[in-house]
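To start, the structure itself, in structure tokens.
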Amino acid sequence: MTQSFPVPRSCPFAPPPEYEHLREEAPLVGADLPGGKVWLVTRHAEAQQVLSDTRISTDPAMPGHPMAMLSEFSRSDEEREALAKFHAGQFIDMDPPEHDVYRRMLIPEFSVRRVREMRPGIQEVVDRLIDDMLEQGPSADLVEAFGLAVPSLVICRLLGVPYADRDFFQSRTRTMVSAGNDAPEISMTAAMEIWDYLDGLITEAEREPGDNLVGRLVTARRETGELSHDALVGMTFLLLVAGHETTANMIPLGVLTLLRDPGQLAGLRADPGGWPLAVEELLRYHSIVDWVAFDRVATEDMEIGGQAVRAGEGIFVLGASANRDPRAFERPDELDLRRGARNHVAFGYGVHQCLGQNLARAELEIAYRTLFERIPGLRVVGKDAELPFKYGGAIFGLHALPVAW
Ligand code: HEM
């Protein structure tokens, strides 16, 4: 029997329950989508194999690419035309060697050293938002007041968005991310406005490149002549999209998880040196990016995990299943903040492995640590069953998280 797909989550602290059964059945399982059949990769070893195999493509224009088989992602001609604008520079959808030209230009911007230099700026962003919460408290929606705002303001600093434009930029990114699948036309309008804004930012930098990410991209483009203006706009847009919704969902979800586990939270309070490992484990445990970024298609006939896969067959890697595979992690369903397992695939694997992972780690660590330090009495208002989780969402998280102190 083949599995219908996607399978929604039903518990905020676990992948869809069907995954355990699928993982035991086989490393690759066939699934029925509204538009055809695909392979689901259920185990950790095969997930890494697929994500690093150069014969497997991520390009949505390749025949058999699985995203178009999902009704909610297949597009009308009109939508396709509107989306064409966003195509330039989206190297997450490109294969090597084209992909590498883009990624190479950005690697130094996200190195461990560069992210270390960004930490005081991230701390400032986090502190200001907590100041505002405390001033307006003693209650807040942590998604609105904190989760969505942290990554948006961090990306503003990274791209050099002038102070005067931050409210506009933040409100548009918030709308784009929150409207998401529920109101695609509102989300699309906000995305267009952001694109136009970034277009202006790049044009400005072309006149006078500053000492920031956008300025350095413009200078590199002048020196190598490799990329178009639109490609640079697209690259900055990708950074915004890839870095925003992910981090914005992970912050409140992590806070909720820690508040539900007072023993382990007390351990972190007593030993703040444990935060980096805790962040890693929260990423593995939640795997908020499950299959949605892991859409691939085979370009040749091959064998994966003993299963024949033909050229043109679509593949979804189930990141949330791979991260709970007992072959890779002991007691995989247990949240163990001292586990120290860095082989999780929450940031992917292979050439597309998350470019912003060092930045994401720094944002999460600073956000969690500072929040629990500065608001020691923080508590969630309401029971888990009453909280609005994004059970059917492309990226898992919460629509809102009412907190008080
Ligand atoms: C909790 C936060 C984050 C999570 C869970 C996450 C997860 C991921 C995953 C799973 C991929 C791989 C997609 C694939 O294999 O096709 C990815 C790629 C990417 N991420 Fe992240 N991400 C996070 C934060 C960020 C941040 C903060 C940035 C930058 C500001 C960023 C930028 C990117 C980019 C540019 C790619 C595409 C890389 C490529 O195709 O070479 N991400 N991310």
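2 is the number of the first residue of the sequence shown in this note's numbering; add one for each residue after it.
Even glycine gets a Cβ: it sits at the ideal position worked out from N, Cα and C.
Residue i: CB within 7 Å of a non-hydrogen atom of the ligand HEM
i      : result
ALA361 : yes
ARG10  : no
ARG104 : yes
THR247 : yes
PHE295 : yes
LEU284 : yes
HIS66  : no
LEU239 : yes
VAL42  : no
ILE289 : yes
Nearest neighbour of residue i, chosen from the options [CA to CA]
i      : options                           : result
PHE87  : ASP133, ILE195 and ALA321         : ILE195
TYR350 : ALA15, PRO7, ARG297 and ALA363    : ARG297
VAL219 : ALA361, HIS66 and MET106          : MET106
PRO109 : HIS245, TRP40, ARG173 and LEU214  : LEU214
ARG380 : ASP326, LEU259 and SER229         : LEU259
ALA206 : ALA69, GLU301 and GLY161          : GLY161
HIS345 : SER11, GLU281, TRP292 and ILE367  : GLU281
GLY268 : ALA62, ILE203, LEU338 and ARG261  : LEU338
THR43  : LEU154, PRO389, ARG261 and PRO327 : PRO327
THR237 : ARG217, LEU254, ARG343 and VAL256 : ARG217
GLY122 : LEU143, VAL155, MET303 and GLN354 : VAL155
SER188 : ARG375, TYR198, ARG173 and GLY274 : ARG173
Range covered by the beta strand (DSSP E) that runs through residue i
i      : result
SER140 : 140 to 142
MET134 : Note, MET134: premise wrong, no beta strand (DSSP E); alpha helix (DSSP H) at 113 to 137.
LEU41  : 37 to 42
GLN308 : 308 to 310
ALA299 : 296 to 299
ASP33  : 29 to 34
ALA405 : 403 to 405
MET303 : 303 to 305
Where the alpha helix (DSSP H) through residue i begins and ends
i      : result
GLU25  : 19 to 26
GLN50  : 45 to 52
ILE203 : 185 to 208
GLU366 : 358 to 375
MET251 : 230 to 260
ILE156 : 150 to 160
ALA323 : 320 to 323
TYR420 : Lying before the first or after the last residue shown, residue 420 is absent from the chain, which here runs from 2 to 406.
Contact check, residue i vs residue j, beta carbons under 8 Å
i      : j      : result
TYR286 : PRO9   : no
ASN145 : ALA401 : A small fix is needed here, since residue 145 is Glu in this sequence, not Asn. Their beta carbons are under 8 Å apart, which means GLU145 touches ALA401 by this criterion.
PHE92  : TYR103 : yes
LEU71  : PRO17  : no
VAL352 : ALA249 : no
Residue i beta carbon near the ligand GDP (any heavy atom closer than 7 Å)
i      : result
ALA232 : Summarising the ligand content, the structure contains the ligand HEM and does not contain the ligand GDP.
Residue environment, residue i, which counts as buried when at least 16 other CB atoms sit within 10 Å
i      : result
GLN49  : buried
TYR164 : exposed
LEU202 : buried
ASP361 : Note that residue 361 corresponds to Ala in the displayed sequence, not to Asp. ALA361 comes out buried.
THR204 : exposed
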